[in-house]
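Remarks on the structure that follows.
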Amino acid sequence: ASRFTGKTPDLDMPAAKKWGNKWVTRMVNFITGKQFTDVSCGFRAYSRETALRLTLFGQFTYTQETLIDAVFKDIEITEVPLTVRGQREHGQSRVASNLWRYAAKSASIMLRTARDWRPFYFFGVPGAILALLGAGAGAFLLVHYILTGHTAPYRSLVTVSGIALIIGFLLLFISMLADMQQRNRLVLEKILYLTRKDAYGRGHE
1 ASRFTGKTPD
11 LDMPAAKKWG
21 NKWVTRMVNF
31 ITGKQFTDVS
41 CGFRAYSRET
51 ALRLTLFGQF
61 TYTQETLIDA
71 VFKDIEITEV
81 PLTVRGQREH
91 GQSRVASNLW
101 RYAAKSASIM
111 LRTARDWRPF
121 YFFGVPGAIL
131 ALLGAGAGAF
141 LLVHYILTGH
151 TAPYRSLVTV
161 SGIALIIGFL
171 LLFISMLADM
181 QQRNRLVLEK
191 ILYLTRKDAY
201 GRGHE
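The numbers in the working numbering rise by one with no breaks, and the one at position 38 of the sequence shown is 38.
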């Protein structure tokens with residue numbers, strides 16, 4: 001359900017929470033390539049098949065992780081408008097009472113989920129950028145040395161270029177290893193799904 005779409009009125013929500021919801025939604029949309037309007041609302045309905053296929057690891061909140069996991073498993077997701085009160089009337093949220101803690105925990109869960117499902121992009125893209133920057137700095141320094149016969153005043157680029165190349169290629173290597181492990185994950189996910197289906201099949205309901 002979405003609190004920020006359809007005919008739902010503009011919520012009388014604290015500015016900090018409204019800002020936080022907006023940026024968490026943008027982060028999830030960036031990771032998944034979707035256009036969700038509310039990724040923090042926990043009021044949801046799941047089909048039996050979806051419940052069997054989801055695999056969650058976060059122990060703090062499930063809201064963003066379920067969406068990312070479902071998108072990467074090609075599970076259809078539909079947002080429906082939900083009218084709610086912007087201000088909490090009773091009690092205090094045990095999850096979002098501290099906004100900074102909630103933001104840090106949620107970001108950690110989202111990044112780990114993205115890392116597990118898109119390891120090549122998670123490690124490979126930063127690695128490629130660093131490697132290209134290192135190679136560019138090295139090429140510039142080499143041309144300067146050929147033309148002038150010395151590296152001054154760019155001598156520090158030797159260290160910068162070397163470090164960028166080493167870290168860049170290391171990240172690229174890690175991305176390839178992680179991408180290979182992704183195949184094993186898909187097999188294990190399938191086994192887990194079949195095990196759940198057998199354990200919680202129609203005959204056990």
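Backbone N, C-alpha and C define an ideal beta-carbon position, used for all residues, glycine too.
Query, Result
"Bounding residues of the alpha helix (DSSP H) (the contiguous stretch that carries Thr61)", "Neither: Thr61 is in no alpha helix (DSSP H) and is coded neither H nor E."
"Cβ contact check for the stretch 183-202 and the stretch 132-142: 3 or more pairs under 8 Å", "no"
"Secondary structure, alpha helix (DSSP H): runs of 4+ residues fully inside the stretch 105-151", "125-148"
"Where Gln181 falls, given that 16 or more other Cβ within 10 Å makes a residue buried", "exposed"
"The stretch 150-170 contacting the stretch 118-135, beta-carbon criterion three pairs below 8 Å", "yes"
"Three-pair Cβ contact test at 8 Å for the stretch 31-40 versus the stretch 51-60", "no"
"Top-ranked residue by Cα proximity to Phe60, from Thr148, Ser108 and Arg48", "Ser108"
"Coarse secondary structure for Ser2, derived from DSSP in three states", "strand"
"C-beta contact flag for Ile68 and Val24 at 8 Å", "no"
"Straight-line gap, Lys73 to Thr159 (C-alpha atoms, nearest Å)", "43 Å"
"Residues bridged to Pro81 (per DSSP)", "Ser2"
"Short Cβ contact (8 Å threshold) for Ser2 with Val80", "yes"
"Coarse secondary structure for Tyr200, derived from DSSP in three states", "coil"
"CB of Thr32 within 8 Å of CB of Val71, strictly", "yes"
"Nearest-angstrom Cα separation, counted from Ile77 out to Ala15", "28 Å"
"Phe206 versus Lys105: straight-line alpha-carbon distance, rounded", "As shown, the chain starts at 1 and ends at 205. That puts residue 206 outside it, with no answer to give."
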